[in-house]
Structure formats: C-alpha cells, structure tokens
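Let me begin by presenting the structure, written as structure tokens, before commenting on it.
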C-alpha cells in the first residue's frame, strides 16, 4: 500500500475478502486504490493472482474439475 501511495495512487477504502482453499476459508482485508488514471485496483488481489469475484483458489477449482 505504501509503495502505491508513493507512486501517486490514491487510497479509497478497505474491504474484506474470503477465498476457499483446500485447508479452509481465509478472510483477509485488502485496500481498494486508484491509480493516476483513475482506474480502481486491489493491489493484494493482483499480487496473489486472484480475479474479481473469484471465491475459490485455483487449486480448489482444479480439484473440483477433476471430480466432475
């Protein structure tokens, strides 16, 4: 978050997000930020490779597909 602020991004708010992993559900807090062009980002989601509205980890999705 601090690095993005130093790059000129604007902090908007904090939101919770839950993701289901093989070992259970994990809920974490992430920051919504706007870049210099006004585009909204959740830097933590991008760092973790999570897509918008993704509720299951890629490994959980793979295991479900294998069982289908």
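In the working numbering, the protein residues as written are 44 to 111.
Where a beta carbon is used, it is the ideal one built from N, C-alpha and C, also for glycine.
Predicted, not measured: the structure shown is a model, and the values here were computed from it.
query	result
Can you check DSSP and say which residues form a bridge with residue 98?	Answer is none; residue 98 lacks a bridge partner.
Please report how far the alpha carbon of residue 72 lies from the alpha carbon of residue 44, in whole angstroms.	12 Å
I'd like to know if residue 89 contacts chain C, where contact means its C-beta is closer than 8 Å to some C-beta of that chain.	Judged by its chain identifiers, the structure shown contains no chain C, having just a single protein chain.
Using three-state DSSP, classify residue 44 as helix, strand or coil.	coil
Ends of the alpha helix (DSSP H) at residue 88?	86-91
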